[in-house]
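Asker: Take a look at this one; I'll ask things after.
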Amino acid sequence: MGELFRECEVLRVYRKCDTCGEGMMVPTGVTLLSDPPQYQHECDKCGVIENYPQEYPYLFTIETGPMRELTENSTCDLGGL
Ligand SMILES: [Zn+2]
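Counting from 1, one number per residue, gives the positions in the sequence shown under the working numbering.
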């Protein structure tokens, strides 16, 4: 009791390069310690450097199912969590 569950679809969000419009922005591993922090990315096509407030790709979830409580049976389906 108390905890409710809902099925989700998980999407991975990528950032396309605004400069060449073809490449994908990939993290360089450099984080700028501003407030909020910025994550440095480099285009894998033209090499332009951009900073974003989050790292790409990131995961995004869309709730698809109804809210439900776990029964004893569905707890077993989840591997006994
Ligand atoms: Zn580019």
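Where is the CB? At the ideal position from N, CA and C, for every residue including glycine.
Every value quoted in this text rests on a predicted model; they were computed, and no experiment measured them.
According to DSSP, is tyrosine 14 helix, strand or coil?
Answerer: Here tyrosine 14 sits in coil by DSSP.
Asker: I'd like the span of the beta strand (DSSP E) that includes tyrosine 52, first residue to last.
Answerer: Per DSSP, tyrosine 52 belongs to the beta strand (DSSP E) from 49-52.
Asker: Around the Cβ of methionine 67, are there at least 16 other Cβ atoms within 10 angstroms (buried) or fewer (exposed)?
Answerer: Its Cβ having fewer than 16 others within 10 Å, methionine 67 is exposed.
Asker: Output the boundary residues of the beta strand (DSSP E) element that contains glycine 2.
Answerer: Note, glycine 2: premise wrong, no beta strand (DSSP E); not H, not E.
Asker: Quick one: grab the DSSP three-state call for glutamate 63.
Answerer: DSSP places glutamate 63 in strand when its eight states are reduced to three.
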